[in-house]
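Undergrad: Residue numbers (this note's numbering): 1 to 477.
Glycine residues also receive a C-beta, built at the ideal position from the N, C-alpha and C atoms.
There's a structure below that I have some questions on.
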């Protein structure tokens with residue numbers, strides 16, 4: 001019986017793979033036959049969810065539907081394509097290699113930006129093709145502007161870690177708008193190519209530089225070229241956002257306002273903090289980044305309503321992060337995904353709160369930590385009689401694990417930066433919400449590309465991430 005069962009699984013897998021292969025061939029044949037029909041589109045948006053694959057989309061869709069917000073706009077687009085993500089040298093890609101594949105249409109090594117796998121040739125991105133065609137170009141991200149994904153659209157560097165040099169490529173690209181996060185190492189004096197503060201160099205090249213939320217909101221109308229940032233480095237997680245902080249949607253709208261012209265534009269907008277949430281195995285933070293990302297896509301959709309015959313919107317991910325699983329053995333078939341709303345801060349901010357507790361008290365007790373946990377995660381300990389119907393009541397076993405983690409992070413009541421309690425709190429909360437994670441890195445899971453508007457049929461079937469660039473280059477030429 002065991003052998004028969006194995007055979008059934010193998011046969012089923014073979015049939016599935018054969019179906020996928022046939023679907024891929026059919027989709028490619030359709031594209032090859034009709035690519036001459038592809039005409040340039042005036043307005044082109046490419047949204048990239050860093051770390052976003054089907055599990056992240058599904059989690060956000062289920063949550064959004066449960067709370068009455070409706071379906072995700074990115075999941076309602078009429079054309080879809082399963083998209084493979086491997087790099088030139090690994091099944092599991094990093095964001096530099098995947099960003100280069102999406103931006104330029106060629107595989108490269110993990111860690112490499114805008115260059116071929118031998119580091120002999122600079123690759124041309126969709127954004128560069130659009131610029132040559134006379135379009136204006138905007139690059140937006142919730143992480144830093146010289147991070148891997150945005151850098152793939154303008155930089156050429158063998159190492160994604162050469163932030164200063166990547167920033168030089170950014171301002172030398174002559175692209176028209178950069179928005180979202182700030183810059184890493186913008187004044188790195190020990191870099192071998194150092195030639196000044198990047199922001200000062202940008203101003204000398206004609207960029208209006210608006211640093212911080214207030215300056216970004218005050219960017220003058222009619223600005224020709226701009227660098228507009230909402231934070232010194234990455235934008236804060238949506239879950240940690242204050243009234244002064246700016247969402248991704250703000251920068252997409254600002255880019256439209258700056259870039260709209262008779263020849264059109266190309267805008268790439270990245271939801272980079274989705275990936276950060278996955279690395280931290282923080283489901284609530286990841287979820288709210290997904291909703292923030294979807295809100296930004298809605299800005300483009302609203303623009304498309306005014307220009308239905310002139311707009312293409314494509315949405316993809318560069319890879320999956322964290323091995324997110326919708327379901328947990330301890331909760332069976334029940335789902336309490338809506339309880340993610342009970343979490344009030346990201347994992348990083350929770351750790352900051354524990355650190356502050358360690359500074360405020362000479363000796364921290366487990367009861368002190370319990371109060372922080374209950375306040376920020378609505379998880380009630382068995383010995384606490386103050387509770388509501390919405391609270392998550394911990395089991396004795398869960399409380400015991402949290403106490404053991406407390407002892408590791410607060411040995412003898414003193415704070416230690418090992419994140420033991422922080423990690424156990426978030427893990428316990430995720431599981432009670434019927435979610436789990438396999439690891440804290442990237443996975444080889446394919447992503448989903450969806451599209452709407454003129455020529456959106458080019459994203460159908462089973463494609464590779466390099467196909468995104470190859471096809472969009474035809475649209476922006």
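Less than 7 angstroms between C-beta atoms, sequence neighbours within five positions excluded: which residues of the same chain meet that for residue 457?
TA: Within the chain shown, the letter at position 457 stands for residue 457. Excluding sequence neighbours, residue 457 sits near 79.
Undergrad: Kindly say whether residue 89, judged by its beta-carbon, lies nearer than 9 angstroms to any beta-carbon of chain D.
TA: Looking for chain D here will not work: only one protein chain is present.
Undergrad: Once DSSP output is grouped into helix, strand and coil, what is the label at residue 138?
TA: The count along the chain shown starts at 1 and reaches residue 138 at position 138. The answer is strand: DSSP assigns residue 138 an E or B state.
Undergrad: Run through the DSSP bridge pairs and tell me what residue 74 is partnered with.
TA: Against the chain shown, residue 74 aligns to sequence position 74. None; residue 74 has no bridge partner.
Undergrad: Run through the stretch 268-300 for me and flag every whole alpha helix (DSSP H) of 4 or more residues, listed as ranges in chain order.
TA: Fully enclosed alpha helix (DSSP H) runs of 4 or longer: 273-279.
Undergrad: Is the beta carbon of residue 472 less than 9 angstroms from the beta carbon of residue 46?
TA: For the purposes of this step, residue 472 is taken as the residue at position 472 of the chain shown. For the purposes of this step, residue 46 is taken as the residue at position 46 of the chain shown. Yes, the pair counts as a contact, with Cβ atoms nearer than the cut-off.
Undergrad: Just mark residue 333 as buried or exposed, buried being the case when its beta carbon has 16 or more other beta carbons within 10 Å.
TA: Here the question's residue 333 lines up with position 333 in the chain shown. So residue 333 counts as exposed.
Undergrad: Reducing DSSP to helix, strand and coil, say where residue 228 ends up.
TA: For the purposes of this step, residue 228 is taken as residue 228 along the chain shown, with counting starting at 1. Correct three-state label for residue 228: strand.
Undergrad: Tell me the start and end of each unbroken alpha helix (DSSP H) in the stretch 388-413 that is at least 4 residues and wholly inside, in chain order.
TA: DSSP runs (the alpha helix (DSSP H)) wholly in the stretch 388-413: 396-409.
Undergrad: Would you identify the three-state DSSP class for residue 320, choosing helix, strand or coil?
TA: Position 320 of the chain shown, counted from the first residue, corresponds to residue 320. DSSP places residue 320 in strand when its eight states are reduced to three.
Undergrad: Three Cβ pairs or more, each shorter than 8 angstroms: is that satisfied between the stretch 424-439 and the stretch 338-347?
TA: Flag = yes, the stretch 424-439 and the stretch 338-347 touch.
Undergrad: Does the beta-carbon distance from residue 144 to residue 196 come in below 9 angstroms?
TA: Locating residue 144 in the chain shown gives position 144, counting from the first residue. Locating residue 196 in the chain shown gives position 196, counting from the first residue. For residue 144 and residue 196, no; Cβs fall outside 9 angstroms.
Undergrad: According to DSSP, is residue 237 part of a helix, a strand, or is it coil?
TA: Along the chain shown, one-based indexing puts residue 237 at 237. Three-state DSSP puts residue 237 in coil, outside helix and strand.
Undergrad: Spatial neighbours of residue 86 within its chain, please: CB distance less than 7 angstroms, with the 5 preceding and 5 following residues excluded, ordered by chain position.
TA: Numbered from its first residue, the chain shown carries residue 86 at position 86. These residues qualify, in order along the chain: 93, 444.
Undergrad: Can you give the Cα-Cα distance for residue 62 and residue 439, rounded to whole angstroms?
TA: Residue numbering aside, residue 62 sits at position 62 when the chain shown is read from its first letter. Residue numbering aside, residue 439 sits at position 439 when the chain shown is read from its first letter. Each residue's Cα considered, the two are about 22 angstroms apart.
Undergrad: Could you tell me whether the Cβ atoms of residue 253 and residue 454 are closer together than 9 angstroms?
TA: Stepping through the chain shown from its first residue, residue 253 is reached at position 253. Stepping through the chain shown from its first residue, residue 454 is reached at position 454. Their beta carbons are not under 9 angstroms apart, which means residue 253 does not touch residue 454 by this criterion.
Undergrad: Between the Cα of residue 409 and those of 430, 451, 351, spot the shortest distance and give me the residue it belongs to.
TA: Locating residue 409 in the chain shown gives position 409, where the first residue counts as 1. The shortest C-alpha separation from residue 409 is found at 351.
Undergrad: Which ranges does the beta strand (DSSP E) cover as unbroken runs of at least 3 residues, wholly within the stretch 433-459, from first to last along the chain?
TA: Those beta strand (DSSP E) runs which fall completely within the stretch 433-459 and span 3+ residues are 435-437, 447-453.
Undergrad: Alpha carbon to alpha carbon, how far is residue 404 from residue 251? Give it in angstroms, no decimals.
TA: If you number the chain shown from 1, residue 251 lands on position 251. If you number the chain shown from 1, residue 404 lands on position 404. Going from the Cα of residue 251 to the Cα of residue 404 covers about 44 angstroms.
Undergrad: Along the chain, which unbroken stretches of the alpha helix (DSSP H) at least 4 residues long are found entirely within the stretch 40-88?
TA: Whole alpha helix (DSSP H) segments, 4+ residues: 54-66.
Undergrad: Here's a check: name, in chain order, each residue in its chain whose Cβ is nearer than 6 angstroms to the Cβ of residue 131, leaving out the five neighbours to either side.
TA: In the chain shown, counting from the first residue as 1, residue 131 sits at position 131. The residues are 137.
Undergrad: Given residue 82, which residues of its chain have a CB within under 7 angstroms of its CB, disregarding the five upstream and five downstream residues?
TA: Walking along the chain shown from the start, residue 82 turns up at place 82. Closer than 7 angstroms at Cβ, skipping near neighbours: 446, 448, 462.
Undergrad: According to DSSP, is residue 211 helix, strand or coil?
TA: Mapped onto the chain shown, residue 211 falls at position 211. Reduced to three states, the DSSP call for residue 211 is strand.
Undergrad: With distances taken between CB atoms, is the gap from residue 316 to residue 49 smaller than 9 angstroms?
TA: Position 316 of the chain shown, counted from the start, is the residue given in the question as residue 316. Position 49 of the chain shown, counted from the start, is the residue given in the question as residue 49. Cβ atoms of residue 316 and residue 49: closer than 9 angstroms.
Undergrad: Along the alpha helix (DSSP H) that carries residue 199, what are the first and last residues, could you check?
TA: Residue 199 sits at position 199 when you count from the first residue of the chain shown. Looking at the DSSP string, the run of the alpha helix (DSSP H) that includes residue 199 is 198-204.
Undergrad: Using three-state DSSP, classify residue 122 as helix, strand or coil.
TA: Along the chain shown, read from residue 1 onward, the residue named residue 122 stands at position 122. Three-state DSSP puts residue 122 in a strand.
Undergrad: For residue 152 versus residue 125, is the C-beta distance shorter than 9 angstroms?
TA: Stepping through the chain shown from its first residue, residue 152 is reached at position 152. Stepping through the chain shown from its first residue, residue 125 is reached at position 125. For residue 152 and residue 125, yes; Cβs fall inside 9 angstroms.
Undergrad: Determine the burial state of residue 157: buried for a count of at least 16 other Cβ atoms within 10 Å of its Cβ, exposed for fewer.
TA: Within the chain shown, numbered from 1, the residue matching residue 157 stands at position 157. So residue 157 counts as buried.
Undergrad: Secondary structure at residue 313, three-state DSSP: helix, strand or coil?
TA: Your numbering for residue 313 matches position 313 in the chain shown. In the structure shown, residue 313 sits in a strand (DSSP, three-state: E or B).
Undergrad: Please confirm whether residue 140 and residue 179 have their CB atoms less than 9 angstroms apart.
TA: Within the chain shown, numbered from 1, the residue matching residue 140 stands at position 140. Within the chain shown, numbered from 1, the residue matching residue 179 stands at position 179. Taking 9 angstroms as the Cβ cut-off, residue 140 and residue 179 qualify as a contacting pair.
Undergrad: Roughly how many whole angstroms lie between the Cα atoms of residue 22 and residue 373?
TA: One-based indexing of the chain shown puts residue 22 at position 22. One-based indexing of the chain shown puts residue 373 at position 373. Any reading at residue 22 must be qualified, since the residue scores a pLDDT of 45, below 50, and its modelled position is unreliable; the value itself is stated next. Cα to Cα, the separation comes out at about 51 angstroms.
Undergrad: Buried or exposed: which applies to residue 4, given that a residue is buried once 16 or more other Cβ atoms fall within 10 Å of its Cβ?
TA: Position 4 of the chain shown, counting from 1, holds the residue named residue 4. Below a pLDDT of 50, predicted positions are generally treated as unreliable, and residue 4, at 39, falls in that range; no measurement from the model is reported.
Undergrad: Per DSSP, residue 179 forms a beta bridge with which residues?
TA: The residue labelled residue 179 in the question sits at position 179 within the chain shown. 140, 228.
Undergrad: Name the two residues that bound the continuous alpha helix (DSSP H) containing residue 368.
TA: Taking the first residue of the chain shown as position 1, residue 368 is located at position 368. Residue 368 -> alpha helix (DSSP H) spans 366-377.
Undergrad: Suppose the cutoff is 8 angstroms on Cβ atoms and the five residues either side in sequence are ignored; what does the same chain contact list for residue 415 look like?
TA: Counting from 1 along the chain shown, the entry for residue 415 is found at position 415. Result list for residue 415: 354, 355, 357, 358, 359, 364, 409, in chain order.
Undergrad: Taking residue 99 as part of the alpha helix (DSSP H), name the residues at either end of that continuous run.
TA: In the chain shown, the residue the question calls residue 99 occupies position 99. Looking at the DSSP string, the run of the alpha helix (DSSP H) that includes residue 99 is 95-104.
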